[in-house]
Each structure stands twice: as C-alpha cells, then as structure tokens.
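Here's the structure we're looking at; comments come further down.
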Amino acid sequence: MSFLDEYRTVLKNLPICYSEAEVDVERRGSTVMKHANGEIIETRSSETAELFVRVSDEKTGYAYTQDLDEEPNHVLLRALNNSQFVERLKNDRLNRLLVNRRVSEGLKNRNPDIPSIKVAANQLEDSVRMVDSSISSVAVEICSERQLRNVINSHGLDVESAMDLYSATATVMAEKNGKQYDASYYESASRLEEINPERFRNKIAASLRHQYDAKEMHSGLYTVLLDSTVVTNIMMTAWQLFSGLKYGEGSSALSGKLGEAIGSSCFSVIDSPSHELTGYHYEFDCEGTPSRKEQLVDGGRLTGLMHNITSAYRLDTSSTGNAGRYALLSGSIPTDIIITPKIIYAEPGSESVASLLEEMGEGVYITHSYDVFHSINIGSGGFSIPCRGTIIRNGREDHNVTGLTMSGRLTDLFSRVRAAGNDLYIEEFLRKSYCVGAPSLLIEKLQINGQ
C-alpha cells in the first residue's frame with residue numbers, strides 16, 4: 003500500500019477525537035545541467051517531498067514532515083497536539099467539495115531527456131556569446147522539473163496533479179573600459195524546444211547595452227518607461243495588494259476599494275492557472291479548490307480579489323483557488339494556509355517598446371531594479387526602489403544613468419499608466435510556488451531621485 007493510500011484509509015475512518023483532517027503532499031524531482039565554456043560543468047539531480055497536515059478538534063492544529071513513511075496516525079496526532087499552541091480560537095474551514103481527480107501513471111513517471119538538454123544548453127551558450135564582443139563568460143543552466151501534488155481530506159476530496167516543465171537561465175559577464183558588467187535572462191516552458199534563444203540574445207544584449215558608461219542624473223519628476231522586467235519585479239511584491247486576507251484585514255492599500263478605479267484604463271491585472279509564456283500551470287490550490295482565471299483589475303477598476311476558503315467566507319464570496327503556503331522568502335516551515343497567486347500578471351497592450359519610447363519622446367527608460375522585496379509597503383502602497391536606466395531624447399536612447407531610486411505610491415503608479423507594451427514577461431517566484439509577469443509600462447510621471 004502506498005503512503006497516500008495509508009492516509010486515505012485513515013481519513014476515511016477518522017478517529018473520534020478528530021472532527022476533520024486534511025493532507026497536502028508536494029513532491030518535486032529536478033535535474034539541473036550547467037554549461038559553460040563549451041562543456042557541461044555540473045549535473046545534479048534532487049528529489050524533495052513535503053507533507054502538510056491539518057487536523058481539527060476544538061481548534062485546528064498543523065504538522066509537517068518530509069518522511070513519507072512516517073505512520074499517518076502519528077502525524078495526525080502530532081498536528082492535534084500542536085493545536086494547543088495555536089492562538090486562533092476558530093477552526094480552519096476545510097474544503098467540502100466531493101472531487102476525485104487522478105493523474106495517469108504514465109504522466110507521473112516521465113524521465114528527463116538528458117541528451118536533448120545537453121544539446122539545448124550548448125546551443126544556448128553559443129547563441130548568447132555572440133551578442134556582444136565584450137562578453138567574457140557565459141553560463142547556461144537548464145532545469146528539467148517534475149511536480150506532483152495531492153490534496154485529500156476526510157470529507158471525500160481527493161485530487162492529484164502533475165506538472166512537467168523546463169526552465170533555462172543564461173548569465174553573462176562582460177568587461178568594457180575596465181569595468182565589469184553582468185546580465186541574465188530566464189524562461190520556462192512545457193517543452194524544451196519552446197525555450198527561445200532569440201529572446202535570450204535580445205534581452206541580454208539590451209541589458210548590457212543599458213549598463214555601459216552610465217552617468218549620474220538630477221532628481222525630478224519624469225515621464226518614464228518601466229521595462230517589463232522592472233514591472234515584474236514590482237509585481238513580485240505588489241501582488242499582495244490583491245490578497246483577500248489582507249483586503250479584509252485592512253492591511254492592503256486597496257482595502258475598501260473593490261469596484262472602484264485604482265488605476266488608469268490602460269492597467270489591468272489577471273491571475274490565471276496557466277499561460278503560454280510559461281511551463282507552469284496550477285490545477286488546484288493547497289486546499290484542493292480548482293484553479294480558475296480571475297480578473298483582478300479591469301481597465302483600472304478593482305474587480306476581484308484572490309481568495310482561499312477562509313478569506314472567501316469572511317467576505318461572503320467563493321474561493322478562487324489561491325490557497326498557498328510559500329508567499330515570500332522565509333526560513334520557517336510554512337504550515338499556515340495563506341493566499342498566493344498562481345500566474346499573476348499585468349495585461350499587455352499592443353505597442354512595441356520602440357513605439358512606447360517614441361511616444362514618450364523625452365524621459366527615462368528604467369531598465370533594471372533591485373531589492374523590491376524590501377522596498378514596497380503593502381499597507382500604504384509606498385515604494386522606494388533602487389534602479390538604473392537610460393535617458394531618452396527625441397524617442398531614442400541617449401545615454402545610461404545609474405544610482406537612481408524611483409519612489410511614490412502604487413495606486414498613483416497604476417493611475418499614471420499611459421500605455422502597456424506587447425512584451426509580456428513571466429518569471430517564477432524563487433520558491434517555485436507561483437509566477438509573476440508584466441509588460442513594459444509607460445508612466446505619465448514618476449519621481450526619480452539621482453545622486
């Protein structure tokens with residue numbers, strides 16, 4: 003009997019001391035190949051498993067284990083005993099959907115195509131190395147990953163999903179006029195052949211070009227084009243504005259504004275279970291609720307929020323399938339159920355970056371940003387983000403600038419979006435629990451502080 007079948011048996015015959023229980027199992031297997039200087043320099047494989055248990059009696063308790071062979075009754079009892087340390091007086095609400103979904107054994111047991119990964123890594127390194135004569139080194143890392151998830155509970159829920167994806171990262175070092183520069187680009191896809199070397203070349207070439215021979219600039223209000231990677235970096239933290247838990251607690255800068263305008267007509271945000279630009283897809287959340295596409299902002303108006311079962315109950319609505327555990331970088335074990343996105347992104351428009359620069363005429367093209375996790379206050383919406391970029395004159399790149407900080411409030415930033423580019427970029431969160439994306443955004447005015 004498999005460990006999952008053992009848990010199924012226990013949950014179907016739950017001891018009288020438990021009112022309800024839930025098991026969430028996440029298993030990952032990955033093979034990573036690193037390629038540099040025309041050869042494979044490292045290959046590593048790993049497998050991880052995490053099992054989260056929730057058990058309720060008078061209160062809900064939690065347990066965590068990586069030992070899938072541990073006796074299920076012992077794990078459930080440990081969760082029940084942990085309930086005495088939980089401050090919340092009310093039990094968690096568990097999913098009562100009677101859903102049963104299994105993945106075929108063939109889908110669960112695919113192996114990575116090592117020879118094809120070697121060929122792809124070599125081709126990507128050769129392709130990237132040619133973009134700039136100043137490049138001194140190139141490292142390419144390709145990861146083949148398999149994720150399996152099961153959520154089962156004592157009410158009869160039993161769902162399973164499998165996800166296969168490839169991701170590639172190219173990192174280069176360059177030297178020009180005695181100074182060192184670096185650039186990198188990332189993509190993921192369901193199939194290895196969908197990784198696009200041309201996008202890697204273009205993005206890395208642009209990243210290096212926008213760093214060379216940078217100067218200082220004066221502080222002031224500028225018309226600004228935020229690169230898609232910069233907006234994505236902002237959204238990597240700003241998505242919390244749309245959390246139903248934070249909205250209900252009043253700890254989001256958008257609290258109380260559902261149905262109101264919070265941005266310009268050119269600004270829209272979607273949370274989706276899948277997207278063609280990434281290999282990630284999410285069938286259900288960690289409570290077993292099916293994932294669905296949710297329009298959070300539509301033409302500047304706040305039309306939706308991301309919910310788990312608890313936040314949905316508090317606001318008298320339904321869960322959107324956004325229950326999660328890994329929201330931000332943390333060293334602690336995340337047993338609590340919170341809210342996380344699936345694939346959240348600002349919707350792209352139809353204009354190219356070149357067209358947006360021409361439309362801007364005069365201003366600053368912000369091409370790089372840093373340390374956004376510590377630079378945005380979700381409660382107030384305030385931000386102060388270190389960045390660098392390129393001065394634009396007559397719609398063309400003039401010279402690069404560095405040592406900058408852009409500051410303001412997210413609601414003002416959203417309201418000043420004049421146009422969205424067609425260059426949607428999607429990136430995984432470092433814990434691989436969700437993805438975030440955005441196109442380049444033309445901003446009417448933004449405070450940029452120089453040296």
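In the numbering used here, the protein residues as written are 3 to 453.
No residue lacks a Cβ here, since even glycine has one placed at the ideal position from N, Cα and C.
Per DSSP, the bridge partner or partners of residue i
i	result
residue 217	403
residue 166	148
residue 57	23, 63
residue 175	139, 184
residue 438	346, 429
residue 36	44, 143
residue 408	387, 450
residue 367	227, 392
residue 192	DSSP output for residue 192 lists no bridge partner at all.
residue 276	283
residue 49	31
residue 398	395
residue 160	102, 154
residue 255	DSSP lists no partner for residue 255.
residue 443	228, 422
Given residue i as reference, the closest of the options once Cα atoms are compared
i	options	result
residue 241	187, 298, 225	298
residue 33	211, 48, 39, 176	48
residue 61	313, 431, 23	23
residue 187	149, 157, 261, 144	144
residue 148	430, 317, 31, 4	31
residue 383	316, 293, 46, 244	244
residue 305	282, 409, 270, 196	270
residue 75	88, 46, 18	18
residue 10	158, 104, 434	158
residue 204	317, 134, 59	134
residue 212	12, 146, 401	401
residue 326	284, 235, 440	284
residue 179	214, 338, 277, 328	214
residue 40	131, 67, 96	131
residue 231	175, 77, 189, 413	189
residue 279	426, 88, 46	426
residue 432	328, 357, 67	328
residue 118	193, 318, 154	193
residue 447	435, 421, 415	415
residue 344	136, 165, 324, 183	324
residue 197	170, 181, 339	170
Beta-carbon gap between residue i and residue j smaller than 9 Å
i	j	result
residue 218	residue 449	no
residue 255	residue 411	yes
residue 351	residue 451	no
residue 221	residue 177	no
residue 206	residue 185	yes
residue 288	residue 347	no
residue 8	residue 27	no
residue 274	residue 302	no
residue 127	residue 38	yes
residue 209	residue 369	yes
residue 227	residue 310	no
residue 82	residue 5	no
residue 115	residue 85	no
residue 445	residue 349	no
residue 122	residue 141	no
residue 380	residue 239	yes
residue 65	residue 46	no
residue 286	residue 293	yes
residue 124	residue 25	no
residue 317	residue 252	no
Supposed contact pair residue j and residue i - C-beta distance, whole angstroms, cut 8 Å
i	j	result
residue 394	residue 366	7 Å
residue 35	residue 92	Not really, about 48 Å apart at Cβ, beyond 8 Å.
residue 404	residue 263	Contact doesn't hold; Cβ gap of about 35 Å is too wide.
residue 386	residue 229	Contact flag wrong, Cβ pair sits at about 18 Å.
residue 312	residue 296	Contact flag wrong, Cβ pair sits at about 17 Å.
residue 359	residue 397	5 Å
residue 55	residue 20	That belief does not hold up - the Cβ atoms of residue 55 and residue 20 are roughly 11 Å apart, past 8 Å.
residue 290	residue 101	7 Å
residue 362	residue 341	Going by Cβ atoms, the distance from residue 362 to residue 341 rounds to 36 Å, so no, they are not a contact pair.
residue 430	residue 439	No, residue 430 and residue 439 are not in contact; Cβ-Cβ is about 10 Å, not under 8 Å.
residue 167	residue 29	Their Cβ separation, rounded to whole angstroms, is 15 Å, which puts residue 167 and residue 29 out of contact at 8 Å.
Chain B contact for residue i (CB, 9 Å cutoff)
i	result
residue 76	Structure shown: chain B not included; a single protein chain is present.
Report the start-end ranges of each alpha helix (DSSP H) in the region 278-352 that is 4 residues or longer and not cut off at the edges.
Look at the region 278-352 and you find these whole runs of alpha helix (DSSP H), each 4 residues long or longer: 311-316.
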